[in-house]
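Residue numbers (the working numbering), protein chains in the order written: chain R, 34 to 525; chain B, 13 to 299.
For reference, the structure is listed below as structure tokens.
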């Protein structure tokens with residue numbers, strides 16, 4: 034391959050071989066080596082009007098951080114990333130780059146060229162800095178006496194917290210579960226996002242002075258009214274926390290999970306490490322996952338990895354589970370990140386397009402089979418994707434002992450019911466204005482609880498936007514109505 | 013936050029009574045609610061009913077050892093701390109005022125009715141209580157409840173305390189004596205709650221039962237605790253845990269409770285879930 038030829042194609046990252054990796058939960062993608070990262074960075078055309086930046090929900094100055102890689106100045110490159118993104122090691126791994134920065138890259142429009150691997154470069158720089166520096170070089174600017182409560186420690190909450198803390202605000206995050214991180218901890222599996230990385234990124238945010246209170250269910254352990262007395266502003270970033278389920282006959286049978294339960298058992302409770310961790314997860318040999326998004330891919334690949342090891346003639350033999358994904362549309366409509374889909378295919382997961390479960394068939398209370406209806410694509414719906422239409426009378430039955438439904442989320446009502454003053458829209462999510470302020474003054478919201486289920490980076494973008502609005506709100510309030518006296522009393 | 017165990021007592025074989033320092037939970041808890049506890053960071057998240065609260069400082073929980081995580085809990089003594097404790101979760105009991113009420117507790121489920129009885133009394137209700145257990149040794153909180161309730165009947169399987177029989181025998185005896193009630197509660201083994209609900213149904217009596225499906229987060233996030241009530245799917249952790257037992261699909265609940273039987277090695281646990289006897293020792297909320 035000559036050098037001109039090489040420049041057209043992106044440099045692939047190292048990945049663990051599919052046959053080996055499906056036996057465990059270790060990370061699949063191994064990233065770049067230094068020389069590879071530099072070579073990939075050198076492919077960047079350094080556009081003067083970079084489209085990638087516009088494609089990024091937090092508008093990272095992508096050409097500049099890539100330029101620094103070509104100069105092997107990874108430290109500065111990392112500092113640039115951190116100006117825009119507090120969780121770069123996470124975003125480099127889980128962002129759907131193909132529809133964001135990489136999807137916008139000018140090279141897509143050039144014949145035979147592939148876009149720059151921006152995500153993998155971000156990951157390289159973030160990991161380099163994580164492994165070599167004690168903590169991120171955030172600088173905390175002028176200290177104010179204002180205090181902000183953040184509800185939920187997922188990507189939106191963490192980003193809002195970091196942005197505010199860096200600017201001198203006193204920030205406390207309230208998290209309902211026993212570990213902080215939200216979907217990064219309970220949702221995304223270890224083989225895609227190692228939890229040690231999440232812990233490290235969160236501890237960097239704590240070093241900014243952010244307090245994280247776990248086991249705090251806002252609405253129950255502490256009420257919104259109580260938070261309002263103690264804090265000057267509140268940000269709600271609780272995610273879209275209740276599973277949507279098919280609700281078809283047989284849904285109560287043993288073996289049927291929501292993806293939320295299945296992934297929470299595996300990721301948060303570490304049931305893949307049962308009995309060292311006490312929480313079990315029951316996965317049969319024949320698994321059907323319903324859905325075509327990232328959560329469906331994560332569920333399918335986790336189920337595959339929950340196979341059994343048996344000893345045959347003194348050799349441990351691993352038997353991965355048989356996993357099928359059924360999706361009511363086709364391959365071109367799946368919302369999953371393309372990389373996750375490819376990984377799933379490589380690992381041997383079977384995909385069945387244009388099929389939709391209509392009944393779960395059981396025996397003595399246990400799932401035995403799934404009856405699916407065949408579908409065809411009709412007219413485009415609101416999302417622009419062609420609507421799946423059932424083909425009358427055409428059914429098929431798959432044997433299955435486990436089903437994981439990954440068909441989306443609805444808002445978790447626990448907090449919303451305890452504070453009915455918050456105006457909701459017709460989807461049951463929180464209504465906000467253009468500054469992400471809710472119908473209640475001083476209370477802001479962002480991420481999935483506003484938009485419905487979306488991506489980590491979009492939630493981060495919302496967290497940052499809300500933080501900016503909170504700063505503006507608090508400074509406007511200061512100049513217009515508040516006196517210094519009030520600042521002193523609230524700032525204890 | 014340190015969830016220190018302030019007091020610990022053993023009530024019966026494998027049943028413990030602890031007071032845990034948790035001011036934030038104590039100051040918000042109401043009758044019928046529960047907490048999720050973890051003994052250490054590798055534990056399961058175990059739902060346990062809040063049996064009592066003390067001066068907004070501490071909560072009381074009573075648990076039975078049924079598996080690895082509750083065994084770890086039992087290893088902790090006064091001065092030790094739980095790794096995690098979150099709550100109060102679930103909807104509070106709907107407490108009437110100045111009514112005739114019947115409250116039934118079976119096994120370790122008796123722990124869960126203590127706060128209900130207290131709150132009913134605070135609201136001027138007349139409270140008749142039926143306590144059931146397998147024998148005298150397993151009968152918990154009897155003295156404490158006798159002090160609060162207006163009337164207390166006791167039934168054991170072998171007659172070693174109170175009458176020989178089941179709590180449903182107590183219900184029938186009360187109805188035969190012409191007693192009338194406006195509302196009832198029953199907390200105990202699932203099979204007990206099912207049969208109490210059947211008796212209540214015959215007498216058109218509203219009966220609140222505290223359901224104990226397998227839970228993980230307790231906040232409505234996982235959907236694992238789904239139960240069928242009046243033909244609708246409900247999440248016990250956020251829509252309950254108390255539901256009118258007359259409309260609960262008990263067979264679905266009992267089937268779903270068996271999901272992890274294989275993984276739970278304790279024999280106690282097996283009889284708790286697979287048992288057919290109403291008075292077998294078993295908790296309000298348990299694993």
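Using N, Cα and C, we set each Cβ at its ideal position, and we do this for glycine too.
- Straight through space, the alpha carbons of residue 161(R) and residue 69(R) are spaced by roughly 14 angstroms.
- Membership of residue 99(B) in the beta strand (DSSP E) is indicated by the continuous run 96-101.
- The criterion of a C-beta distance shorter than 7 angstroms is satisfied by residue 70(B) and residue 31(B).
- Contact of residue 432(R) with chain B is not assigned, every C-beta pair being separated by 7 angstroms or more.
- Two segments are said to touch when three or more pairs of C-beta atoms, one from each, lie closer than 8 angstroms; by this definition the stretch 434-444 of chain R touches the stretch 273-283 of chain R.
- Chain R has a Cβ within less than 7 angstroms of the Cβ of residue 96(B).
- Judged by DSSP secondary structure, residue 180(R) falls outside any alpha helix (DSSP H) and instead within the beta strand (DSSP E) spanning 180-184.
- Checking the DSSP bridge columns, you'll see residue 145(B) partnered with 168(B).
- Residues of the same chain with their beta carbon placed closer than 7 angstroms to that of residue 450(R) are lacking, with the five preceding and five following residues left out of the count.
- With respect to the 7 angstroms criterion, residue 33(B) and residue 18(B) are classified as neighbours on the basis of their beta carbons.
- The three-state secondary structure of residue 390(R), taken from DSSP, is strand.
- Under the DSSP assignment, residue 207(R) falls in the beta strand (DSSP E) whose first and last residues are 203-207.
- Only exposed fits residue 460(R), as fewer than 16 other CB atoms lie within 10 angstroms of its CB.
- Where residue 291(R) is concerned, the enclosing beta strand (DSSP E) starts and stops at 289-291.
- The criterion of a C-beta distance shorter than 7 angstroms is satisfied by residue 60(R) and residue 224(R).
- Between residue 96(B) and residue 248(R), the CB-CB gap stays under 7 angstroms.
- For residue 96(R), the enclosing alpha helix (DSSP H) starts and ends at 95-103.
- Counting only residues of its own chain and dropping the five nearest sequence neighbours on each side, residue 235(R) has a CB closer than 7 angstroms to the CB of 191, 213 and 214.
- The continuous beta strand (DSSP E) containing residue 27(B) extends over residues 27-33.
- Annotated three-state conformation of residue 454(R) is coil, per DSSP.
- Leaving aside the five residues that flank residue 46(R) on each side, the residues in its chain whose CB is nearer than 8 angstroms to its CB run, in chain order, 62, 63, 64, 65, 69, 150 and 153.
- The beta carbon of residue 100(B) falls within 7 angstroms of a beta carbon belonging to chain R, placing the residue at that interface.
- Not a single CB atom of chain R sits nearer than 7 angstroms to the CB of residue 49(B).
- For the stretch 407-426 of chain R, the beta-carbon criterion of a distance under 7 angstroms to any beta-carbon of chain B is satisfied by none of its residues.
- Counting only residues of its own chain and dropping the five nearest sequence neighbours on each side, residue 318(R) has a CB closer than 7 angstroms to the CB of 354, 355 and 434.
- Looking only at 242(R), 462(R), 303(R) and 239(R), the smallest Cα-Cα distance to residue 228(B) is reached by 303(R).
- Contact between residue 126(B) and residue 153(B) holds, since their C-beta atoms are separated by about 6 angstroms, short of 8 angstroms.
- Residue 352(R) has a beta carbon lying at 7 angstroms or more from every beta carbon in chain B.
- DSSP places residue 358(R) in the uninterrupted beta strand (DSSP E) bounded by 355-360.
- The residue from 335(R), 398(R) and 263(R) with its alpha-carbon nearest to that of residue 265(B) is 398(R).
- Below the 8 angstroms Cβ cutoff, chain B contributes 231, 232 and 233 as neighbours of residue 274(R), in chain order.
- Taking the Cα positions, residue 382(R) is about 24 angstroms away from residue 344(R).
- Inter-segment contact for the stretch 410-420 of chain R and the stretch 256-266 of chain R is absent: fewer than three beta-carbon pairs are separated by less than 8 angstroms.
- Among the CB atoms of chain R, one or more fall inside 7 angstroms of the CB of residue 271(B).
- In the DSSP assignment, no residue is bridged to residue 262(B).
- Across the stretch 249-269 of chain R, CB contacts with chain B closer than 8 angstroms involve 249, 250, 253, 254, 255 and 256, in sequence order along the chain.
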